[in-house]
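Numbering-wise (this note's numbering), the sequence shown opens with residue 68 and increments by one.
For each residue, glycine too, the CB sits at the ideal point set by N, CA and C.
The structure presented is a predicted model; accordingly, all values stated were derived computationally and were not measured.
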Amino acid sequence: MRLARSRRTAAAIAAAAVITPALLVPSTAAAAPAADAPSTAQGLPIPDAEHAPEVQPEVLESLGALTPALIGSAATRDADGKVNTALLAQVRKLADNPAVPEQAQEVWRSLIDFLGEPGAKQAAKTFELEAAPAAKKSDAPNIPTGPNKPRIQQFLYPTLGLGCMPGGGNSVGMALVTAGPQQAPAPGPKRGQAGYVYTSLGTGPAKNSALFVSWLNIDNGRTGQQTLRPNPKINAEKGPGTFTAIANTGRGRIVSTIYGTVTTKTEGKVISCGIAPTIGTAII
Numbered sequence: 068m069r070l071a072r073s074r075r076t077a078a079a080i081a082a083a084a085v086i087t088p089a090l091l092v093p094s095t096a097a098a099a100p101a102a103d104a105p106s107t108a109q110g111l112p113i114p115d116a117e118h119a120p121e122v123q124p125e126v127l128e129s130l131g132a133l134t135p136a137l138i139g140s141a142a143t144r145d146a147d148g149k150v151n152t153a154l155l156a157q158v159r160k161l162a163d164n165p166a167v168p169e170q171a172q173e174v175w176r177s178l179i180d181f182l183g184e185p186g187a188k189q190a191a192k193t194f195e196l197e198a199a200p201a202a203k204k205s206d207a208p209n210i211p212t213g214p215n216k217p218r219i220q221q222f223l224y225p226t227l228g229l230g231c232m233p234g235g236g237n238s239v240g241m242a243l244v245t246a247g248p249q250q251a252p253a254p255g256p257k258r259g260q261a262g263y264v265y266t267s268l269g270t271g272p273a274k275n276s277a278l279f280v281s282w283l284n285i286d287n288g289r290t291g292q293q294t295l296r297p298n299p300k301i302n303a304e305k306g307p308g309t310f311t312a313i314a315n316t317g318r319g320r321i322v323s324t325i326y327g328t329v330t331t332k333t334e335g336k337v338i339s340c341g342i343a344p345t346i347g348t349a350i351i
């Protein structure tokens with residue numbers, strides 16, 4: 068899939084990236100993948116380029132414009148030490164503006180619920196189910212099961228890799244989080260760690276990156292920044308370009324942003340390109 072470049076998309080990059088230096092403190096705690104492992108997809112749900120979702124630049128612009136206010140509400144606590152609900156209410160008003168694209172409104176409402184009381188209840192229920200085996204099958208959490216199936220939490224919307232394809236075409240970018248302990252992405256996040264995976268659909272194998280994930284644990288206050296790197300266990304031979312990182316987030320509700328640049332070898336050409344920021348939520 069090829070999508071045209073847009074000034075709006077460039078604006079989204081500039082707007083969303085401001086959360087990084089302003090609110091998230093860099094951290095060096097990241098696990099590096101093994102260097103000599105064979106290539107495998109590890110069962111991660113990575114679509115191919117032909118089935119990539121459509122990405123609308125105006126939606127990215129809208130999401131980028133509201134990112135600082137939303138993350139600010141997560142980082143700013145009220146007198147009781149909880150997420151500032153007044154700020155969340157202000158962001159909800161912005162999201163309800165008729166000028167905001169419908170898809171963007173859905174993302175913001177989902178984020179606001181995650182940061183507020185509905186998200187807190189969801190996290191508590193998840194930890195309760197993990198602590199005690201479900202009495203009935205219907206009581207089990209709605210996640211994949213089995214010893215080798217990763218528990219996937221997709222980022223809230225796909226993004227664009229600007230100029231990632233030969234000839235200047237854009238690539239759709241997909242990101243997800245896995246909560247440890249589990250095997251994917253290799254070498255596998257442990258309990259209290261988050262595994263991040265970003266895939267640039269339609270590209271060749273990953274070569275290098277200055278791709279970052281900045282995260283905030285809204286329950287324990289911990290923040291950090293990791294570099295996502297090529298992983299020799301995931302799509303290393305034929306692509307699409309896939310980049311991973313493991314972060315010591317601690318347990319709780321995590322809000323994350325992935326942004327930066329990636330380098331792949333696509334159709335025999337080494338191409339570096341910028342990634343418009345995308346936002347994810349996860350319970351770790």
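Count the other C-beta atoms from every protein chain shown that fall within 10 angstroms of the C-beta of residue 128, then say buried if there are 16 or more, exposed otherwise. buried
I'd like the span of the alpha helix (DSSP H) that includes residue 154, first residue to last. 152-162
Between 268, 196, 174, which has its C-alpha nearest residue 224's C-alpha? 174
Going by the beta-carbon positions, is the gap between residue 328 and residue 341 smaller than 7 Å? Result yes, Cβ atoms of residue 328 and residue 341 sit closer than 7 Å.
Straight-line Cα distance separating residue 156 from residue 305: 46 Å
So residue 287 and residue 262 are in contact, right, with Cβ under 8 Å, and what is the actual spacing, rounded? In fact, because the Cβ distance is near 18 Å, the residues do not count as touching under 8 Å.
With DSSP as the reference, identify every bridge partner of residue 229, one or two as the case may be. 341
7 Å Cβ cutoff met for residue 326 and residue 297: no
Determine the burial state of residue 312: buried for a count of at least 16 other Cβ atoms within 10 Å of its Cβ, exposed for fewer. Around the beta carbon of residue 312, a 10 Å sphere encloses 16 or more other beta carbons of the protein chains shown; the residue is thus reported as buried.
Residue 299 CB to nearest heavy atom of the ligand FMN below 6 Å: Within the structure as shown, the ligand FMN is missing, as the structure has no ligands at all.
Residue 257 classed as buried or exposed, judged by whether at least 16 other C-beta atoms fall within 10 angstroms: exposed
Taking only the alpha-carbon atoms, compute the straight-line gap between residue 334 and residue 222 and give it to the nearest angstrom. 28 Å
Going by DSSP in three states, residue 272 sits in which element: helix, strand or coil? coil
Quick one: what does DSSP say residue 301 is sitting in, helix, strand or coil? Residue state for residue 301 is assigned as coil, using DSSP reduced to three classes.
Just the Cα atoms here: how many angstroms apart are residue 282 and residue 245? 14 Å
Alpha carbon to alpha carbon, what distance is there between residue 229 and residue 237? 5 Å
Which class does residue 179 belong to by DSSP, given the choice of helix, strand or coil? helix
8 Å contact criterion, which residue 355 and residue 267 should meet: CB distance rounded: Past the edges of the chain, shown from 68 to 351, lies residue 355, and the structure says nothing about it.
Starting from the Cα of residue 115, find the closest Cα among 189, 131, 307 and give me that residue. 307
Just to confirm, are residue 126 and residue 171 a CB contact at a threshold of 7 Å? Against a cut-off of 7 Å, the Cβ pair of residue 171 and residue 126 comes out as a contact.
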